[in-house]
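Residue numbers (our numbering): 27 to 418.
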C-alpha cells in the first residue's frame, strides 16, 4: 500500500511539473511573439530621411541588435530549461514506470517463490510419508526375519537336545542292559550256589557258595570280557574287521594280541598290539590310504600292577573314523617306542606318562619330567608309589 501511494504521488508531481513546463513554454512563446511584433512596429514608425529620425533610427538600430541578442539568449535559455524539464520529466516517468515494473516483478517473484515453497513442502511431505511407510515395511520384515531365525534356532536346539537325549538314552540303556545281564548272571550263580549248598549241606556250604560266585564271575567275563565287550553286534564291527584285515595283509597275523569293540568307550574299535610291532602298526594306521589316521587325540599310561599299558586314541578326519591302540609293557622295565615322529602331538603326553609312571619312550626328542622335576623321587601314579617325604 505504501508503494502504491508513493507511485500515485510521483505521478501527480510529474503531471504538475508537466503542466508547469507547458505554461512556461507558452509564456516563452508569447514573449517571443510580442518581441517580434514590437520590432516590426518600431521599424515602421521611424522616417528614413529626417535627421532626428535618423538619429532615433540610429539609436534604434543600435538598441535593436541588443534586444535581438537578448531575445535569442532568452529563447536559448528557455529552450534549454524546457529540454531540462522534459528530460527530468522523462526520467521521472521512466523511474515511475521502472518502479511499477519492479513492483510487478516483485509481486511475480513473490508468487513464484510461494509456489516453489509449496511444491518443496509437498515433495518433502511425500518423501517423509514414503520413508515412514518404507521404515514400517522394513521393521515388519525385520521382525518376521527375527521370528523365523528364532524359530529355526529353537528347532535346531530342540533337535540337538533330542539327539543328545537319544544318545544318552542309548548309552544309558546299554549300561542298564549290561548291569541287568550281570545282575541276572550273579543271581543265577547265587541260585545255583544255594541249590548246591542245599544238596551238599553242612561244612561245605561256604566253599560251594564261593565256587558258585567264581563261576558266575567267569561267565560274566566270558560275556563281557571285563573290557566292555558284548556278544551283541556293533555298528563299528565292519571298521574293526577292515582294520584287522589291512594289518594282517601288510604286517602279518601275529602282530595283534587282541581286537574288539569297546562298548564302554562309544563302541570304538580297539587293537591290542605286541610291543615289538607297536610302532609299525601305528605307522600303518597313519600312512595307509584306506585308514589315514592323521590325528592323535589322546595318549596315556596305566599301571595294572602285573604290567603297564599305553593307550592311544586316533582319529581319521578324511574318513571320520576312530580307533584305539593299546600295548602292554613290562612293569619292571616299562619302555616302548615313541610316536612323536608320526604325530608330534604325542610329545607332551609321553612326557607326562614318563613323569607320573616312569614309562620311557625310545626315540623321543626330549623326554623330561614336566610336572615334578628331575629331582623328584619316584612316580606318583604307580600303585606301589611311596612318597620320599611322608609329610608331603
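Built from N, CA and C at the ideal position, the CB exists for glycine as well.
Distance from the CA atom of residue 400 to the CA atom of residue 382, rounded to whole angstroms, is 12 angstroms. Your pair residue 277 and residue 310 checks out as a contact, with CB atoms roughly 6 angstroms apart and the cut at 8 angstroms. Residue pairing by DSSP puts residue 387 in a beta bridge opposite 362.
Residue 366 is positioned such that its CB atom lies no closer than 9 angstroms to that of residue 351. Note that the C-beta distance between residue 273 and residue 297 is below 9 angstroms. DSSP, read as helix, strand or coil, puts residue 370 in helix.
Beta-carbon to beta-carbon, residue 261 and residue 293 are separated by about 7 angstroms, close enough to satisfy the 8 angstroms threshold. Check the Cα spacing between residue 374 and each of 358, 362, 393: the tightest is with 393. Taking C-beta atoms as the reference points, residue 349 and residue 341 count as a pair closer than 9 angstroms. Of the other Cβ atoms in all chains shown, 16 or more fall within 10 Å of the Cβ of residue 357; this residue is therefore buried.
Under the three-state reduction of DSSP, residue 164 is assigned to helix. When the alpha-carbon of residue 37 is set against those of 111, 119, 104, the nearest one is in 119. If you draw a straight line from the Cα of residue 34 to the Cα of residue 46, it is about 18 angstroms long. Out of 398, 306, 106, 40, the CA that lies nearest to the CA of residue 378 is found in 398. Between residue 385 and residue 307, the CB-CB gap reaches or exceeds 9 angstroms.
Take the alpha-carbon of residue 369 and the one of residue 319: they are about 10 angstroms apart. Sorting 413, 360, 167, 268 by C-alpha distance to the C-alpha of residue 329 places 360 at the top. Of the other Cβ atoms in all chains shown, 16 or more fall within 10 Å of the Cβ of residue 327; this residue is therefore buried. Looking at the DSSP output, residue 329 bridges to 334. If you draw a straight line from the Cα of residue 105 to the Cα of residue 121, it comes to about 24 angstroms. If you draw a straight line from the Cα of residue 152 to the Cα of residue 145, it is about 10 angstroms long. According to DSSP, residue 354 shares a beta bridge with 335.
The beta carbons of residue 270 and residue 285 sit about 5 angstroms from each other, so the pair counts as a contact at 8 angstroms.
Judged by DSSP secondary structure, residue 286 falls within the beta strand (DSSP E) whose first and last residues are 282 to 288. Here the alpha carbon of residue 133 sits roughly 10 angstroms from the alpha carbon of residue 139.
Residue 375 is not bridged by DSSP to any residue. Nearest C-alpha to residue 103 among 51, 142, 396: 51.
Boundaries of the alpha helix (DSSP H) around residue 264: 263 to 277.
Within the same chain, and ignoring the five residues on either side of residue 331 in sequence, the residues whose Cβ sits closer than 6 angstroms to its Cβ are 409. Going by beta carbons, residue 100 and residue 57 fall inside the 9 angstroms limit.
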